[in-house]
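**Student:** Sequence lines, in order, name chains A and B. Be aware that the first sequence starts at 1, since it is given in the numbering used here, and climbs by one per residue. Be aware that the second sequence starts at 344, since it is given in the numbering used here, and climbs by one per residue. Just so you know, even glycine gets a beta-carbon here, dropped at the ideal spot from N, CA and C.
Protein chains: 2
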Amino acid sequence: MRKKVAELAGVSEATVSRVLSGVGSVKQETAKRVLEAAERLNYVPSALAQRFALRKSGNLGVILPMLPKVNLFSTYYFSEVLSGIGIAAKRRGYDLLLLFREPEEPRDYANLFRTQKIDACILIGAQDVPSEREALAELKEGHHPFCLVNQRFGGEAYNSVDADQGAGLREAVRHLLARGRRQIGFLNGPAVYSNSRDRLDAYREALAEAGAAYEPERVLLGNYSRKTGYLQAKAVADLVRAGRLDAVIAANDRMAIGLLQGLKELGIRVGDELALIGCDDSDVVRMTDPPLSSIRVPFFDIGREAAERLLDAVANPADAAPFDVKLPVELIERASSMPDGTT
Amino acid sequence: MRKKVAELAGVSEATVSRVLSGVGSVKQETAKRVLEAAERLNYVPSALAQRFALRKSGNLGVILPMLPKVNLFSTYYFSEVLSGIGIAAKRRGYDLLLLFREPEEPRDYANLFRTQKIDACILIGAQDVPSEREALAELKEGHHPFCLVNQRFGGEAYNSVDADQGAGLREAVRHLLARGRRQIGFLNGPAVYSNSRDRLDAYREALAEAGAAYEPERVLLGNYSRKTGYLQAKAVADLVRAGRLDAVIAANDRMAIGLLQGLKELGIRVGDELALIGCDDSDVVRMTDPPLSSIRVPFFDIGREAAERLLDAVANPADAAPFDVKLPVELIERASSMPDGTT
DNA sequence: GTGAAAGCGCTAACAT
DNA sequence: ATGTTAGCGCTTTCAC
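(1) Could you tell me the alpha carbon to alpha carbon distance between B/Gly532 and B/Ile592, rounded to whole angstroms?
(2) A/Thr75 versus chain B: which residues are under 9 Å apart at the beta carbon?
(3) Enumerate in chain order the residues of its own chain whose CB-to-CB distance from B/Leu588 is below 6 Å, with the five nearest sequence positions on each side excluded.
(4) Quick check on A/Ile302: does DSSP put it in helix, strand or coil?
(5) Kindly provide the ranges of any beta strand (DSSP E) runs that are 3 or more residues long and lie completely inside the segment 509-574 of chain B, ordered along the chain.
(6) Note down, in chain order, each residue of its chain lying with its Cβ closer than 6 Å to the Cβ of A/Ala37, except the 5 sequence neighbours on either side.
(7) Which residue comes first and which comes last in the alpha helix (DSSP H) that contains A/Arg133?
(8) What first and last residue would you give for the alpha helix (DSSP H) that runs through A/Gly262?
(9) Strictly by DSSP, which residues pair up with B/Ser503?
(10) Which residue from A/Arg174, A/Val314, A/Ile257, A/Glu273 puts its Cα closest to that of A/Ala242?
(11) If you measure between the beta carbons of A/Lys234 and A/Leu266, is that distance less than 8 Å?
(12) Below 8 Å on C-beta distance, what does B/Ile638 contact in chain A?
(13) Among residues of its own chain, excluding the 5 on either side of A/Gly341, which ones have a beta-carbon nearer than 7 Å to its beta-carbon?
(14) Tell me which residues of the segment 234-264 of chain A have at least one Cβ-Cβ distance to chain B shorter than 8 Å, keeping chain order.
(15) Counting only the same chain and skipping the five closest in sequence on each side, list residues whose C-beta sits under 8 Å from that of B/Arg495.
(16) For B/Asp544 and A/Lys140, I'd like the C-alpha separation in whole angstroms.
(17) Can you tell me where the alpha helix (DSSP H) with A/Leu96 in it begins and where it stops?
(18) Three or more C-beta pairs under 8 Å: does that hold for the segment 456-466 of chain B against the segment 102-114 of chain A?
(19) Helix, strand or coil for B/Ser355 per DSSP?
(20) Report buried or exposed for B/Val366, applying the criterion of at least 16 other Cβ atoms within 10 angstroms of its Cβ.
(21) Going straight from the alpha carbon of B/Val657 to that of B/His486, what length do you get?
(22) What does A/Val44 touch in chain B if you count any residue whose Cβ is under 8 Å from its own?
(23) Would you mind working out which of A/Leu148, A/Tyr214, A/Arg199, A/Pro317 sits nearest A/Cys279, comparing C-alpha positions?
(24) Could you check whether B/Val579 and B/Leu606 sit closer than 8 Å to each other, using their CB atoms as the reference points?
(25) Under the DSSP definition of a beta bridge, which residues are partnered with A/Ile122?
(26) I think A/Ala178 touches A/Val329, with their Cβ atoms under 8 Å apart; what is that distance to the nearest whole Å?
(27) With a threshold of 8 Å between beta-carbons, can A/Asp162 be considered close to chain B, or not?
(28) Do you know offhand how far B/Leu519's Cα is from B/Leu530's?
(29) In or out: A/Glu217 buried (at least 16 other Cβ within 10 Å) or exposed?
(30) Output needed for B/Ser568: all residues of its chain with C-beta closer than 8 Å, excluding positions within five of it in sequence on either side, in chain order.
(31) Pair every Cβ in the segment 355-372 of chain B with every Cβ in the segment 203-223 of chain A, then say whether three or more of these pairs are closer than 8 Å.
(32) Mark A/Gly84 as exposed unless 16 or more other C-beta atoms lie within 10 angstroms of its C-beta, in which case mark it buried.
(33) Which residues in chain B sit within 7 Å of A/Asp95, going by Cβ to Cβ distance?
(34) By how many angstroms is the C-alpha of B/Met681 removed from the C-alpha of A/Ala191?
(35) A/Gly267 CB to nearest chain B CB: under 8 Å?
(36) Does A/Ile332 come out as helix, strand or coil in the three-state DSSP assignment?
This is the structure:
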């Protein structure tokens, strides 16, 4: 095929290669002939062969847990991050290889590099557990470029792009205080996610800063699912009725919505008796009643930033310093946290 | 690397290859030595080189429109279908190559095969427009295996996996009639999606079958976005107040939710004055007030089925008959369509 | 059952 | 500026 193009254009195969890959110098006129010949024979070079010859897969891997039953992600989170990564990868000529990891599957990330399936990878939904730490350490040791999204590992300087969850939580607390709330609770997620820990720390700091009381009983625990939010409604309602709680910040929107539904059934008026704020500002918060205040996280940008930085590092390993980006978040105020909050 | 494994095992490179790829016959004992050697040297074959030699990319392409601003998909739809495809591909040893198509980008699907980036592909969100038809015709002509998801093209026997939207709509109409509703409207999406046309046909059939009146003014049009549902609230409210409408079926949940919000603002009590049913049964329908009745579509299964059938066809081109699968849907009844519907 | 060698379709020196 | 040639790391005949 390529040979026929070369013949038709009256040049060698090497020249065909040069023209089509834009590497090396060729006379304008020769290039034109080659292009025409390729056009006529409907020829395009095999990316597979190119990549093999170059010893680069041309793929950016995205590793993420199999979705069914994974509560950490709203589908919103997932779609946004992935789109951001997709855009950035595309602009840089990389293809996106999607790698689902099933729950019991070993985290053999380094193998993806050894088999040359990917040139770099982004990890979504990594957890701070020993097997994950080992897998990441192996990547690091093998000098395989990777980047974490929305997760970091204490003590390890891994590339990561995250939202500034702490700042968001502090802002939420300040907002509630400004609105006259004094007894602010926090519904958090599991500590295997660094976000959970960051938010808890910020929650305590913000309370301390304002001279407000920190009370352990006001910190509730869920697993980021709607259901666990729903299940905490009873405890929250009791505290509210006892006059010991007038606001709750939930660590994600799903739990906030579950809590909202549970409270509604228990007759607690959210937005009035109790102010409620979620995190993520996913697409569902506009659909609840009352609309849910939430901390907007730029998921699309997080994905884009992670891919851009990572691929830049791959393109230019020389001046590739490790990065640890925190993108700003923004509190979006809606009726669920306003004193005049109504339907 | 491979050479060192061969040396260590005391065999030729060809034998190493045979052992690791499981092709050809090797003595048990030899195989064991090779495996140990590979293990010791931490060697795994390059998938890139293998695929190059085999002239197969090992990738299943998934083509989908860039998400931002695409209303057709809820993120729910997207995540579910993709997960289903991912599971099936993985089981068959294929990797998933995600290919975002930007709005103005030419639909040059065939090139993905020519460049050997993919061995087969699944198209999500295809539209019935000329450029799409051309691109698909080119795939067909080149004998490139592909499968459509949730879309079909009249007159073309392309592989496709879809939900039985017509059956779902008929069931919804019957449900409403059984609940005493007599004046049923339909909020549809654009006709470039075959689903829209299928549903409209089924809507008319079901009405005719029941001897109920079909009135054009009761068919409203949106673009599958929440916003267009919201914008139709005024027209719907007017019809309801005029006693000319007591139920609406929306072609997806997003529009249903927009409509629900709009109606609420206009003081129409959904579930009572007006019964409302959406389509997709996405994760948000449990979060609205009242909860939204919806037609459940097995998106995960659709993705899985598409990938399985397609990859089976690739594995066995001999007996690969074109397929056109319709998966059953199920009406999930909630308060928005029940006579006693309340919060 | 195993080894030797050709070839997959490119890229990249090196030579001219 | 262009042609020649040697790989890239596998698979796969074809001998033995």
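**Tutor:** Quick look at the numbers:
(1) Sequence index remark: in the second sequence, residue 532 of chain B carries index 189 (1-based). Sequence index remark: in the second sequence, residue 592 of chain B carries index 249 (1-based). Cα-Cα distance, rounded: 12 Å.
(2) Numbered from its first residue, the first sequence carries residue 75 of chain A at position 75. Going along chain B in sequence order, the residues near A/Thr75 (Cβ under 9 Å) are Ser417, Thr418, Tyr419, Tyr420, Phe421, Ser422, Glu423, Ser625, Asp626.
(3) As a first step, residue 588 of chain B is located in the second sequence; it is residue number 245 there, counting from the start. The residues are Gln526, Gly528, Leu582.
(4) For the purposes of this step, residue 302 of chain A is identified with residue 302 of the first sequence, where counting begins at 1. Three-state DSSP puts A/Ile302 in a helix.
(5) 527-531, 562-564
(6) Reading the first sequence from its first residue, position 37 is the one you call residue 37 of chain A. Excluding sequence neighbours, A/Ala37 sits near Val5, Leu8, Ala9.
(7) In the first sequence, residue 133 of chain A corresponds to position 133, counting from 1. That run of the alpha helix (DSSP H) goes 130-141.
(8) Position 262 of the first sequence, counting from 1, holds the residue named residue 262 of chain A. A/Gly262 -> alpha helix (DSSP H) spans 253-265.
(9) Your numbering for residue 503 of chain B matches position 160 in the second sequence. Beta-bridge analysis with DSSP links B/Ser503 to B/Leu491, B/Asp667.
(10) Numbered from its first residue, the first sequence carries residue 242 of chain A at position 242. A/Ala242 has its Cα closest to that of A/Glu273, out of A/Arg174, A/Val314, A/Ile257, A/Glu273.
(11) Numbered from its first residue, the first sequence carries residue 234 of chain A at position 234. Numbered from its first residue, the first sequence carries residue 266 of chain A at position 266. It is a contact, given that the beta carbons lie within the stated cut-off.
(12) Indexing the second sequence from 1 puts residue 638 of chain B at position 295. Here the premise fails: no neighbours, minimum Cβ distance about 18 Å.
(13) Taking the first residue of the first sequence as 1, we reach residue 341 of chain A at position 341. No answer about A/Gly341 holds up, because its pLDDT of 41 lies below 50 and its placement is not dependable.
(14) So the close ones are Ile257, Gln261, Lys264.
(15) Position 152 of the second sequence, counted from the first residue, corresponds to residue 495 of chain B. So the list reads Tyr501, Ser503, Asp505, Ser537, Asp667, once near-sequence residues are dropped.
(16) For the purposes of this step, residue 544 of chain B is taken as the residue at position 201 of the second sequence. For the purposes of this step, residue 140 of chain A is taken as the residue at position 140 of the first sequence. Cα-Cα distance, rounded: 58 Å.
(17) For the purposes of this step, residue 96 of chain A is taken as the residue at position 96 of the first sequence. Run containing A/Leu96: none in the alpha helix (DSSP H); it sits in the beta strand (DSSP E), 95-101.
(18) no
(19) By one-based count along the second sequence, residue 355 of chain B stands at place 12. Residue state, collapsed to three classes: coil.
(20) Here residue 366 of chain B refers to the residue found at position 23 of the second sequence. Label assigned to B/Val366: exposed.
(21) One-based indexing of the second sequence puts residue 657 of chain B at position 314. One-based indexing of the second sequence puts residue 486 of chain B at position 143. Cα to Cα, the separation comes out at about 11 Å.
(22) Counted from its first residue, the first sequence places residue 44 of chain A at position 44. Within 8 Å Cβ-Cβ: Asn454, Arg457, Thr458.
(23) Along the first sequence, read from residue 1 onward, the residue named residue 279 of chain A stands at position 279. Residue A/Arg199 is the option with its Cα nearest to A/Cys279.
(24) Sequence index remark: in the second sequence, residue 606 of chain B carries index 263 (1-based). Sequence index remark: in the second sequence, residue 579 of chain B carries index 236 (1-based). Yes, these two residues count as a Cβ contact at 8 Å.
(25) The sequence position of residue 122 of chain A within the first sequence is 122, counting from 1. For A/Ile122, which the question treats as bridged, DSSP gives the partners A/Val62, A/Cys147.
(26) Here residue 178 of chain A is taken as the residue at index 178 of the first sequence, counted from 1. Here residue 329 of chain A is taken as the residue at index 329 of the first sequence, counted from 1. Not a contact, Cβ separation roughly 18 Å.
(27) Reading the first sequence from its first residue, position 162 is the one you call residue 162 of chain A. Not one chain B Cβ lies under 8 Å of A/Asp162.
(28) Residue mapping note: residue 519 of chain B aligns to position 176 of the second sequence, counting from 1. Residue mapping note: residue 530 of chain B aligns to position 187 of the second sequence, counting from 1. Approximately 15 Å, taken between the alpha carbons.
(29) Taking the first sequence and counting its residues from 1, one reaches residue 217 of chain A at position 217. So A/Glu217 counts as exposed.
(30) By one-based count along the second sequence, residue 568 of chain B stands at place 225. Taken in chain order, the residues that qualify are Asn414, Arg597, Met598, Gly601.
(31) no
(32) As a working note, residue 84 of chain A is residue 84 in the first sequence. Per the 10 Å Cβ criterion, buried.
(33) Looking up residue 95 of chain A in the first sequence gives position 95. Here the neighbours are Leu440, Lys460.
(34) In the first sequence, the residue the question calls residue 191 of chain A occupies position 191. In the second sequence, the residue the question calls residue 681 of chain B occupies position 338. Their backbone Cα atoms lie some 42 Å apart in a straight line.
(35) Counted from its first residue, the first sequence places residue 267 of chain A at position 267. Chain B contact via Cβ: absent.
(36) For the purposes of this step, residue 332 of chain A is identified with residue 332 of the first sequence, where counting begins at 1. Reduced to three states, the DSSP call for A/Ile332 is strand.
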